[in-house]
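A.B. asks: Questions regarding the structure given below will be posed in turn.
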Amino acid sequence: VTSFDASNSNNDEFVVFEWNGSSSGDDGASGDITNFQIRWADEADGQIDNEAKWDAASSAYSGNASNFSVGIRNVDLSGLPAGNKYFAIRSFDDVGNASPISFTTSTDYSLPVSLTSFQVVAGFGKITLKWETASELNNEGFFIYRSSEENGAFDEPVNQQIISGQGNTNTATTYEFVDENVEEGETYYYKLISRDFDGTIHESTLKASALVLTLPTAFALEQNYPNPFNPSTSFNFTIAQSSTVNLEVYNILGQKVRTLIAGEVLEPGVYDGNYRWDATDDNGNTVSGGIYYYVFSVRENGFRQVRKMVFLK
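All letters in the sequence shown, in the order written, are residues 13 to 325 by our numbering.
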């Protein structure tokens, strides 16, 4: 190895390595180069300048002889914690000899935000955005931009106020934002922008999209499924507006045997299989086989609907 250098690329997600090699694997002994490896260490561990540090360092990239001769690689290190990194390269020949660790270099691998996930979840009259960072450096916070077309202009900010970041951290952080300024039945595309405290903007390459679900216009209780059932069954109902609801099970004598929902405030939407009954009473005892009734009621408007089901035992 005659030279070795590392530098950040413009998108802040890759480190560009460049080197020249013109010798055998052990830089002079017999044998031809068969493979090589690049390793990295944190700034606190210092340069990788001896065998012990090489053994303790983490692998960044490895390749065969043909890749080594080219000598330029973009290596994805977006999962690494932010901060200065030291790198070293050595080659190996066909008889097991290794070149000396003579060429070390360092680069300021100061990734502003190491984004590990970005997703959107469709809702009724809203879209929820969730993302997670593995680390952050000098991160003031985030702005969300959206477009009505996948390849359209993302020039419409969703949040007018910045979503505060963590500044500097190597701890994973989860964020969530709800976009309620949406139209039912429309599809929206989103991108995430982070901003440093000095005003520098970093645009993520990740995109996510979701279709806004249409809100129900009426309250309704559907037939349970399966019916008849054993050992359990699920319930399906719709809510037209935020309401306090109850869902209870009664036997043929009109005695309540199980409360499935007790005065819970639920948001508008379709609840399909969210609530199940395992044929036990409120004390955990399995009920007798036979006919049962389930009653769905809404406190605010007095809506009440009853349906019959059969437990086979």
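Using N, Cα and C, we set each Cβ at its ideal position, and we do this for glycine too.
Remember, it's a predicted structure, so these values are computed and weren't measured experimentally.
(1) One question on the structure: do residue 49 and residue 102 come within less than 8 Å of each other, judged by their Cβ atoms?
(2) Our contact map puts residue 144 next to residue 178 with C-beta atoms below 8 Å; I'd like the distance itself, whole angstroms only.
(3) What does the Cβ neighbour count give for residue 237, buried or exposed, with the cut at 16 atoms within 10 Å?
(4) Nearest to residue 256 by alpha carbon, out of 268, 314, 288, 66?
(5) What do you reckon, are the CB atoms on residue 10 and residue 308 nearer than 8 Å?
(6) Got a sec, what are the start and stop residues for the beta strand (DSSP E) residue 134 sits in?
(7) Between residue 316 and the rest of its own chain, which residues show a CB-CB distance below 6 Å, the 5 nearest in sequence each way excluded?
(8) Leaving out five residues before and five after residue 125 in sequence, what residues of the same chain have Cβ atoms less than 7 Å from its Cβ?
(9) Can you round the beta-carbon distance between residue 285 and residue 258 to whole angstroms, since I take them to be within the 8 Å contact cut?
(10) Tell me whether residue 190 counts as near the ligand SAH, meaning its Cβ is closer than 7 Å to at least one heavy atom of that ligand.
(11) Rounded to whole angstroms, what's the CA-CA distance from residue 221 to residue 186? Just pull it up for me.
(12) Cβ atoms of residue 250 and residue 282: under 8 Å apart, would you say?
(13) Whole-angstrom Cβ separation of residue 191 and residue 225, contact assumed at under 8 Å?
C.D. replies: Judging by the given coordinates:
(1) Taking 8 Å as the cut-off, the beta carbon of residue 49 is found closer than this to the beta carbon of residue 102.
(2) Going by Cβ atoms, the distance from residue 144 to residue 178 rounds to 12 Å, so no, they are not a contact pair.
(3) Around the beta carbon of residue 237, fewer than 16 other beta carbons sit within 10 angstroms, so the residue counts as exposed.
(4) The residue from 268, 314, 288, 66 with its alpha-carbon nearest to that of residue 256 is 314.
(5) This structure leaves residue 10 out entirely; the chain is present only between 13 and 325.
(6) Per DSSP, residue 134 is one residue of the beta strand (DSSP E) stretching across 125-134.
(7) Excluding sequence neighbours, residue 316 sits near 309.
(8) Only 145, 148, 151, 206, 214 meet the Cβ criterion.
(9) Incorrect: roughly 18 Å between the Cβ atoms, too far for contact.
(10) Although the ligand SAH was asked about, the structure shown includes no ligands whatsoever.
(11) So the two alpha carbons sit approximately 19 Å from each other.
(12) In this structure, residue 250 lies closer than 8 Å to residue 282 by Cβ.
(13) Actually they do not touch by this definition, with Cβ atoms about 13 Å apart.
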